[in-house]
Structures are given as C-alpha cells and as structure tokens.
Amino acid sequence: MATKANKAPMTNKRFLAIWIPILAVLAVLVIVANVAIGIFNSWIGGALGAGEYTVTNPESAQGWDTDYYDADYDTVEEMNAAAATLIEEIEGEGIVLAKNDARALPLPAGSAVTMLGRTAADPVYGGSGSGSVDVTTAVNARQGLENAGMSVNDAMYQAIDAYAQANDRAVIEMDKPEISTYVIGEMPVSEYEAHADSIADYQDAAIVYIGRGGGEGGDLAQSMQGWDDNYVDGQHQLELNKDEKDLLEFAKSNFDTVVVVVNASTTLEMGDIQADPGIDSVLLIGSPGLSGFNAVGKVIAGQIPPSGRTTDTWASDFTQDPTFVNFGDFTYEDLAASYSSSALSSAASNATVTEDAPFVNYQEGIYIGYRYYETAAVEGFIDYDRAVVYPFGYGLSYTDFSQTVVGQDFGGVDGQISVDVEVTNTGSAPGKDVVQVYYSAPYTRGGIEKPAVVLGGFAKTDELAPGASQTLTVSFAVEDMASYDYEQARAYVLEAGDYEITLRSDSHTPVDGASPMTYTVDETVVYGESNPRSTDETAAVNQFDDVSGDFTDDPSQTGKILNMSRADFAGTFPRSPLGTELMKASEAARAGFAEYDARAAAEAFEGETPTTGADTDLTLVDLRGAAYDDPRWDELLDSLEVSDMTNMLLNGAYNSAALPSIAKPAVTDLDGPAGFSSFINASVNGPAYPSEFTIAQTWNVDLGEAMGAMVGNESLLKKVSGWYAPAMNLHRSPFAGRNFEYYSEDPILSGEMAAAVSQGALDKGLYTTLKHFALNDQETNRVNNGIASWANEQTIRELYLKPFEIAVKGVTSQVDYIADEQGTTATAQIGSLAVMSSFNRIGATWAGGSKALMTNVLRDEWGFTGFAITDFNLYNYMSPDQAIDAGTDLTLSFAPSKSYKDDSSALGVANIRKATKNILYAVANSNAMNGLAPGATVSYEPPMWKYGQWIGTAVLSLGILAGAVAVYRRVAKHAGDSQIRVKDARRE
C-alpha cells in the first residue's frame, strides 16, 4: 500500500486540465485587451495622452514663414472671453420679438420681476448628442435678468428650482426610444399659488418661461398619451399642456404685465398665447448657449434692441401640416434587411442588429414650411390667418422702419436680379431691420410645381439711430429662379413668363408702399447637358430616377407615392402609408436594401491596380496649394502602402491618422455645431454657442462668419484642424429631434448661414464637414438599417440639397504656401474641403454609398474637391467598400469595428487611393500644415501608457510562453508515470 511519503504525483491528464485553461484564459485576455485598446485608442489617448508628433524642417528652411495661419488671441482664456462676448451678441440679434401689445417691452430700468415656469430655473441651453455643449459655467436665466439690472423674486425662484431638481422632464436618450422620456415637467399651479404672497414686491412683470428640448437619436412626441397625467386626445409635445395653461392663468390673474419667453429651438403652437389679450409680450429666444441669457435680460430691459426674425413658419395646428402623417416610425411589412459582418467587427460594435427596413415618404414634395402655407393661401385651400401664427421671416422691433426701393438692376437670363433698398428708422429708438426679397415664378396647372413665393435673398442693416438710413443691395442670379423638372426636361428650367419680385417684411407681408417688380423671361431656358447653369461644373440632370420612380401624379397608382400638387391640394394632400400598399416594399426599395457586393463590383472593374510603395522625396506639405489635378499627387500616392492608407481610412473617428512616410501628422477633428465638443476628451470642449436655430434667427451672415472665425481661432490654440459642423438639414417637421442643430425650414437661409460659418472657419485653416448629406430630417429609426427617405428629384434638389450646394459653391479661401527653394510665399485658392454623409438612405440607397449623391452631384456637378466622411459608422449596412466606391472617403469609426472586404483588387486599391487623396488634399490645405516646410519629416513618440501596454503585453506573453514550456516539460517528464503506477499496483 502507498504511504503519504511516497504518494504518486498528479496525473498529466489532471495537470493539463488545470493549466491549459489557465494559460488559454490569460492568452485570450491579452489578445482581447490589445484589441480593445486598439478600438478605444482615441478615447484612451484623449484621457491619457496620444503621444507627440515632432516636425523637423530641413536646415535650408530655417527662417521661412511656415505659420500659415495665426490666432487672433494669445491664450485659450483670451479666446474664451472674446467668444462669450460674441455669443451674447449672436443671441441678442437672434431673439425674435413676436408680440408686444401696448409696447409692454422693454421694462423700465430696475424692474422687480417674478420668474415663472420650470424653464426659468432649468433652461434649455442647447440639445443633446453630438450637438451638446458644456454649460457648467453658463449664465442662467436668472443671472441674465439680474445682470441687466432687474431684481428677481427669490422665494418663487427657489420653489421652482427645487421642483425642477426633484422632477425630471423630457430627455432624449440617443437611439434608445425605449428609455427616452417626453414629460413636460411643469410645476403644478398649486405650488405657484403656495408662494403667491412673495409676489407683492416683484409685481412689475411676470416673465413666464416655456421650454422644449431636443436631441440626437430621437424625435419629439407626436402623441403625449402615457406621458401627461392630464392628457387629452390628440395632444402632442409641442403644444401647451394643462400645467402650462394653468400657469399662464395664474400669471394673468396676478400681474398687469405678462411676458412669455419661449426657450426652444423648434416651433411650438402659439396661437392661444398670441391671441390672448392678457399676455402682453412674447420673445422667441431659441437656445442661448454660454452667455446668451445676458442678452435675453438686456433685450427685456431695453439695452439691446430685438432684431431677430423667425426661420420657420409657426403654424397654429401642427397636425394639419402636410408632413405630420409622414413623419416617424414606418417599417416595410414584407422586407427583412440583413447584412454580413465579421465576428471581430460584430464584437467591436455596440449596435443592435435588427431586420427592420424603415422608410419615410416626403409626399408633400416642395410644399414644406412657408412654401406650403403661402401657396395654400393663394390657392384658397387654407385661411392663412387661422393657419399661421408667425410667418417665416417675421419679427417686431422696439422702433419702426420704412423700406423703399431706390434702385433695381435686372440683367439678362445669365445675369443678376439686384434690388437697392433704403431702410430708415422712423421710430424713436435704435434698432436693426432685415430686408427680404422674394420671387414668385409663373405657374401652370399640371406643369412644374412651384411655390407661390420663394426667398431670393436678404440682408441686415447696421444698428440705426432714430432718423438714420442705410441702403442695402440684395442680389441673386436669375438662374436661381429656375425650377427642377424631373419628369420632362430632367434638368433645371427657367420657364418663360413674368416673375414677380417683391419686397416683404416676412414671407406673407409685402412692405408698405413697395410695389411688386416684374422680371420677364422671353423664352424658356433649359439648363440641360449642353447648357449648364453658370455655377455648375457639369449640368445638373436627373441622378435619382430610382427614387423618383416610386412617385406618381396619377391617384389610381395606389402602389406609388402620390405627388402633392398645388393644382389639387385637396385631392393630393398627404396621407399616412399605414394600412396601404405603401407598407409593401417596391422593387427599388428591395434593390436598395440589398447588401453591397464588393466582389461583383471588383469583377466588373476594368482599370489597372495603382502603384504602391514607390520611392519619392515628396511630402504632404509639398502639395499645399497645389491644384487637385497636379501630377505630383500621383507621385505622392504611389509611395503609400495599402495597409497605411486603410489604417487611416478605417480609423476616422475624430481624427485622420499620421502617415509618417509623407510627413502627414495626425490630425484632430471635433464635433459639433454649437461649438467644439468631444465625448472622448471633455478637456477640449469649447464655449457653447447658441443653437443653429438661434443663429439663423439673426438673419446676419456676418455674425455667422464671426462665429466660424472664433471657432477657427479656438482650433489654432487647441491644435484642431477639422470641425463636424455646420449642420444644415431642414426643419421639415417641428417634431424633428435635431432641429436645434439645423438652421431653418428654408434652404436659402440655411445655405447662406452655413456658408458664412464655414467661410470664417476655413480662413483660419479649419475645414468644416458640412452635414448631414442629405435628407437626414428625422431621427426615428435612423440606425435601424437606415431610413429610406423617398422624395422626388425636384424636392431633393430644390430643398434638401440646396443648402449644401450653396455652401460648397460659396466658400473660398486663400492658402499660403512655400513656392520655391528660397522659401518664397505664394497664394492659391481653395474651396470647401469636407462633407459628412448621413445615416439615412436616398430612396433605398445608403446616402454614404450613393454614387449619384457623393460623386455625380457633389463632385462632378458642384466641383467639390475635398473629402467626405461617414456619420458614426457602427452599423453593418454602412459598407466601407460601398462608401469609397461611391465617393465617401473616411469612415467615422474605430478599427476593427469596420474593415474592407476588398483591399487587394484593382478597384479596391484604386478606391482606397482615391479616398486617401481626397483626405490628403484637405489636410494639406488646412492648419494642420502650420510649422511644416517642404522637406519636413515627422517622427512619433508614443505616450507612456503605450509603453506600459507593450511592456505589459510582452511580460504577460513571456509569462504565458514560459508557462507553456513548463507545462510541456512537466508532461514530458511524467509521460510514463501512469503506466508505472499500473504495473506497481498489479504487483501489490
């Protein structure tokens, strides 16, 4: 019998059963940890440091001026102070005085006021998501009043503040409708009544704040059922609820002067408030950002004259708007979307995979906002005064103005419409006014659809003292009045006839005494293949027949989307697709939702594989200022390896990676439209600007350009070269959750403001990614395989592409570069450098994968030379192969969450090379080149945590290897033990 002293050793089988899992788990942990670090490298780098890229210029370049851009401020602190002043100025001009009975505003100096409404203590500074901003140091609504010299009822304010802190209001959780909330959160009137005794000493005015927020990844509620304890049938989030109505009654019964402040960056139903004689004044303040509430206080106190104008039509009943029934959650009943993904990509992505194929039908066509309401009124379809509370372009002042046409210059069909308007302050207070010029094109029933009026151009005066005048000139091209005919001419058409040019104070109201002007087109002009518009590189002709093909003018074709027509608004008014044939996917829908076939595309390609890995002495800065078609680009690109290019293209989240072989440094890009923000590294967050909705209400492109320049200054101080802004989708519906992030319902105003912001930024070397290109006008279902946005080509071009077209064509900047070996500085001209595609589909084709959109329109027609980036790409339907083939270059993601299925075929390498060139062209002409001279080299010193990662990985790997060797040796040593023990046992 064996004794304790000579106990047999553990069997190999048992030994291996213990140690193999241990070593395997350790190996897996090392691999997973390194993959995770690779995925989250930017996040970690943002928190712990990303390392240092060192630029070394050749000795021959010593003394050359390589500071291509200079900041106007020495420190971030100086810039922040200047930005706060600018933010206040923007908000001051963006406040719309919508009502002012008996000139209740401005209040007398030193007024004692009572703030009412939950939003008084819980303001809406901006929105959530990529457009969110840091407001930890923001001026709040109360401070804004007190800084303007007013005293505030503290007891009432504290009660509101306590209630707001204890009771939530609506919150949009990005792409998580199941946990988003839509409660208004207003304090019940009984709690106001409990503090009524505090009013006596603060009774000069009640200032009632009404707020609504917004956010990325969710829309506002078209039904409040389940979200409001006092819900009534049909109630939605953008009308006053019972608590708010009770609050207004409380204010009217306790105060002689009642001022309503609407703190929202979308429209609300304001008809009852506007018609109520007990409510004296209404201010539409948007979302004020960092210091904007100072301006709100100053407007109320009369220290700033209000001069804002509405950027949307404020309708009285949103449920009667033509977009209402075609906005929200619609999914094809007979189509399941499915996309392949590698195991590594799936593990790296946090996206929820569904088979949904969502869609939205833009059945209203061109008739959104004022284009609908003004046209419907002309056609006798609506009672305008009942349907509209505040027209587009509407706003009052503390003074009065007259506008007189003092000159006009109408050129030929290849020329300009130019109107000179003298504006005179005829009142007793200083103020600013806005000149708005509209046109009305000749319309034939059954012909091309045309709105009754369209904004042609606008301008804003300086501040005018009483009695002072200023003459402004508003100009626009005659060809801008052309309409797009997708059915017959398949191009823009300037039809023969009389075009009425009118001076208006808003979209509905002609200026007193200003007679309409007539521009006559003698013969119809078709801007087809042989006759492009003057601003087009190639003619704008049909590119979206696959989308338009799902529309019809024939009501009997019930399987197609019926075009809305002013010839028969009643018979063509939009209807919900629910319960109709439109819930079934068309052939175009099925084709668009099919997975992109990279192999088939490669097999169909007839080109040759480009050169890679060749020698060159060129570096990226050598191509600064070079034309896009300069042959040196080919030499530079020939030197790059495919692996280096793909690493940059697939890791495009908030950066473009370094390419040391051509001295391209790593470049930082940041969100968002209301100022720099980053969920990776909050330390780079910048000053919070007012929402784009508010900026547009200024109707002042100079302020837009000043904002862009200020952010450009910030970029130079923080070493940032790209900005995911401005956003210029349209306010198709007031329920769109991201309206705060977009300018207007009108494409002209949106485009001009976006161009101004981009111009200011680019002049400081900061490229802007004009977003979201295009038809990204709702958030619901945006990531559930991408919403199929169906619109006919006239609607696509005249409305939803137009803001981008204006910004792409309208932005130009001078680029300084080193022109010779003596360091001589020369200048070249560049245009807009970046665009961001969108989550949604154009028809059923993903926008970022639409060659019609990203190449044929953007690059071929508009002449864009720059790069396009996807929106955040975590989703399988957003194919990187499809993207670069279509013209979308950079993938906003972290590898290995995305990869190319084809990076070796002739087509794959050609697309990778083309995408790389587009990025390099933009970077070369940005502030990323500051400090680099031709011949520069770039070296990289990793951060300390990278060394820790490598050392830790090496130590653990060696430990695992040593463990494996020890296991092997132990097993080998005891390989015969089991047989010996069997023999010994038999002997016993």
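Note that this note's numbering has the sequence shown beginning at -9, numbered continuously upward.
Cβ atoms here follow ideal geometry from the backbone N, Cα and C, with glycine treated the same way.
Taking only the alpha-carbon atoms, compute the straight-line gap between residue i and residue j and give it to the nearest angstrom.
| i | j | result |
| --- | --- | --- |
| T434 | A254 | 39 angstroms |
| E507 | V409 | It should be pointed out that residue 507 corresponds to Met in this sequence rather than to Glu. When rounded, the distance between both Cα atoms is 10 angstroms. |
| I8 | L948 | 19 angstroms |
| H185 | V103 | 14 angstroms |
| F245 | K235 | 15 angstroms |
| G856 | S828 | 17 angstroms |
| L38 | W935 | 7 angstroms |
| D124 | S281 | 12 angstroms |
| N143 | R565 | 50 angstroms |
| V805 | A152 | 54 angstroms |
| Y374 | L445 | 18 angstroms |
| G35 | V173 | 38 angstroms |
| E369 | A560 | 11 angstroms |
| A(-8) | A885 | In this predicted model, A(-8) has a pLDDT of only 47, less than 50, meaning its place in the structure is not dependable; the value taken from the coordinates is given anyway. Taking the straight line from one Cα to the other gives about 59 angstroms. |
| A467 | Q406 | 4 angstroms |
| P621 | A366 | 55 angstroms |
| V961 | A14 | 17 angstroms |
| E979 | L707 | Any question about residue 979 goes unanswered here, given that the chain covers just -9 to 978. |
| T542 | N553 | 6 angstroms |
| I200 | T684 | 16 angstroms |
| V972 | N24 | Reliability fails at V972, whose pLDDT of 45 lies under 50, so the model's placement of it is uncertain and the value that follows must be treated cautiously. Distance between the alpha carbons of V972 and N24: 47 angstroms. |
| S646 | H721 | 31 angstroms |
| E978 | F5 | In this predicted model, E978 has a pLDDT of only 47, less than 50, meaning its place in the structure is not dependable; the value taken from the coordinates is given anyway. Distance between the alpha carbons of E978 and F5 is about 26 angstroms. |
| Y115 | G208 | 18 angstroms |
| A305 | I372 | 12 angstroms |
| E229 | Y192 | 29 angstroms |
| A61 | N703 | 5 angstroms |
| A449 | Q426 | 7 angstroms |
| G615 | I820 | 8 angstroms |
| I12 | A337 | 23 angstroms |
| R976 | L19 | Reliability fails at R976, whose pLDDT of 46 lies under 50, so the model's placement of it is uncertain and no value is given. |
Tell me where the beta strand (DSSP E) around residue i begins and ends.
| i | result |
| --- | --- |
| R202 | 195 to 202 |
| G447 | 444 to 450 |
| G813 | Element bounds for G813: n/a, residue is neither H nor E. |
| S255 | Neither: S255 is in no beta strand (DSSP E) and is coded neither H nor E. |
| V396 | 391 to 400 |
| G776 | From DSSP, G776 is part of no beta strand (DSSP E); its letter is neither H nor E. |
| E42 | 42 to 46 |
| W982 | Lying outside -9 to 978, the shown extent of the chain, residue 982 is not represented and no answer is given. |
| T1 | It is not in any beta strand (DSSP E) - T1 carries neither H nor E in the DSSP assignment. |
Could you give the residue range of the alpha helix (DSSP H) that holds residue i?
| i | result |
| --- | --- |
| Q148 | 144 to 156 |
| V368 | 359 to 368 |
| V66 | 66 to 84 |
| S408 | Unbroken run through S408 is the beta strand (DSSP E), 406 to 415; no alpha helix (DSSP H). |
| E952 | Residue identity check: residue 952 is Ala in the sequence provided, not Glu. Counting along the chain, the alpha helix (DSSP H) containing A952 begins and ends at 934 to 963. |
State the CB to CB distance for the pair residue i and residue j, rounded to an integer number of angstroms; the pair is presumed to be in contact (CB under 8 angstroms).
| i | j | result |
| --- | --- | --- |
| G436 | A834 | Incorrect: roughly 29 angstroms between the Cβ atoms, too far for contact. |
| V286 | I150 | With 8 angstroms as the limit, V286 and I150 do not qualify as a contact, their Cβ atoms being about 17 angstroms apart. |
| T599 | Y890 | The Cβ separation is near 15 angstroms, so there is no contact. |
Output yes or no for whether 8 angstroms exceeds the beta carbon distance between residue i and residue j.
| i | j | result |
| --- | --- | --- |
| F283 | N90 | no |
| G359 | Q687 | no |
| V825 | L760 | yes |
| V443 | V483 | no |
| A858 | G877 | yes |
| L693 | E49 | no |
| Y352 | A715 | no |
| V710 | F666 | yes |
| S277 | P680 | yes |
| E931 | G41 | yes |
| V801 | A745 | yes |
TODO: Tell me the start and end of each unbroken alpha helix (DSSP H) in the segment 94 to 150 that is at least 4 residues and wholly inside, in chain order.
DONE: 108 to 111, 131 to 137
TODO: Could you pull out every unbroken beta strand (DSSP E) segment of at least 3 residues lying fully inside the segment 794 to 882, listed in chain order?
DONE: 802 to 808, 815 to 821, 824 to 827, 857 to 859
TODO: With a floor of 4 residues, list each alpha helix (DSSP H) that falls wholly inside the segment 610 to 667, ordered by position along the chain.
DONE: 622 to 628, 632 to 639
TODO: Kindly provide the ranges of any beta strand (DSSP E) runs that are 3 or more residues long and lie completely inside the segment 225 to 283, ordered along the chain.
DONE: 248 to 254, 271 to 274
Open item on the list: I'd like the ranges of any alpha helix (DSSP H) spanning at least 4 consecutive residues and lying wholly in the segment 560 to 597.
Closed with: 577 to 583, 588 to 594
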